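Per UniProt numbering, residue 1 is the first one in the sequence shown, and the count goes up by one each step. First comes the structure, then the notes that go with it.
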Amino acid sequence: MTLVSELPGRFCSIAAALEVVGDRWSLLAVREVSLGNHRFSEILAGTGAPRDRLSARLKALVEAEVLERRQYSDAPPRFDYHLTPAGKDLLPVLRSLMAWGDRWAVETPPVTLLHHDHELQATTTCAACGERVRGADVHRRSNTA
């Protein structure tokens, strides 16, 4: 794991997170696993990634404990991939990225997320007070000396 203090520029958790999942194939691999595609061939088909690049990304995601490999066959030995708690914590990030893409990157969204029987309209809510989070209400506090 890369320590935030080893990264160039501003001391920042965003930079550290991007070291782990900051390329296209990493996030698309997480998306595919979250959709139930656990085997390498399924992830490969869903992402369209070059085989060697996907293999490297999956290895890095396992090392970063975003994904875990589980053996599903002994002869020959075969493994599939599953989200860890850290990987599951990326799902709201993927939903936010999808919403941004629906608004700014495509003319017609290819899929719509549903919550029960209606279209999902996700927002960020403060777990401490229950209020909806608005940009003007958020400020920073430095946690470094």
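Even for Gly, the Cβ is constructed at its ideal location relative to N, Cα and C. This structure is a prediction, so every number in the text was calculated from the model and none was measured.
Local Cβ density within 10 Å of residue i, reported as buried at 16 or more and exposed below that
i: residue 2; result: A caution first: residue 2 carries a pLDDT of 48, below 50, which makes its placement in the model too unreliable to give a value.
i: residue 138; result: exposed
i: residue 57; result: buried
i: residue 101; result: exposed
i: residue 87; result: buried
Nearest neighbour of residue i, chosen from the options [CA to CA]
i: residue 140; options: 6, 13, 9, 22; result: 13
i: residue 80; options: 89, 59, 88; result: 59
i: residue 112; options: 125, 124, 123, 98; result: 98
i: residue 42; options: 23, 132, 82; result: 82
For residue i, three-class secondary structure by DSSP
i: residue 119; result: strand
Proximity below 9 Å, CB of residue i to CB of residue j
i: residue 21; j: residue 66; result: yes
i: residue 103; j: residue 120; result: no
i: residue 39; j: residue 78; result: yes
i: residue 90; j: residue 35; result: no
* Asked: Which parts of the UniProt domain "HTH hxlR-type" (12-109) are runs of the alpha helix (DSSP H), unbroken and 4 residues or longer, counting only runs that do not cross its ends?
  -> 13-21, 24-34, 40-47, 51-63, 85-88, 91-104
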